[in-house]
Amino acid sequence: MQIDKLRGRELDQLFKAILTLKDVEECYRFFDDVATVNEIQALAQRLDVARMLREGHTYHRIEDETSASTATISRVKRCLNYGNDAYELVLDRLYDKEEE
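If you're matching positions, the sequence shown starts at 77 in our numbering and goes up one per residue.
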């Protein structure tokens with residue numbers, strides 16, 4: 077994993093902090109304080125790109141709907157195909173909650 081190079085106390089603290097958030101409103105408040113609008117938009121965009129790729133949408137449609145660059149779409153696709161399956165994990169959990 078690429079992130080292993082960053083592994084340590086500070087990153088552990090960040091991830092543990094995120095895990096303490098209880099609802100979407102707390103996430104909005106925390107991320108508003110901890111990240112820039114552009115950083116938040118980039119993360120949200122990548123997750124949406126992953127969802128659309130998983131649903132079988134074309135690069136062109138993904139570009140149109142998300143405004144993501146082909147480079148971003150390719151990077152997300154590479155993660156879906158060769159990554160740690162984290163997008164799949166999160167998207168499966170999101171869909172499972174929506175069905176409940």
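Positions of the beta carbon are idealized from the N, C-alpha and C atoms, including for glycine.
Each residue's CA atom was taken as its position, placing L119 and R85 some 22 Å apart. Counting the other CB atoms within 10 Å of its CB gives I149 a total of 16 or more, which places it among the buried residues. Taking each of N160, G132, A126 in turn and checking the Cα distance to L170, the smallest one comes out for A126. Exclusion of the five residues before and after F106 leaves A93, I94, L97 as the residues of its chain whose Cβ lies within less than 8 Å of its Cβ. Residue environment analysis places V100 among the exposed positions, since fewer than 16 neighbouring C-beta atoms fall within 10 angstroms of its C-beta. Straight-line spacing of the CA atoms in H133 and R154 works out to 15 Å. Here the alpha carbons of D80 and E141 stand approximately 33 Å from one another.
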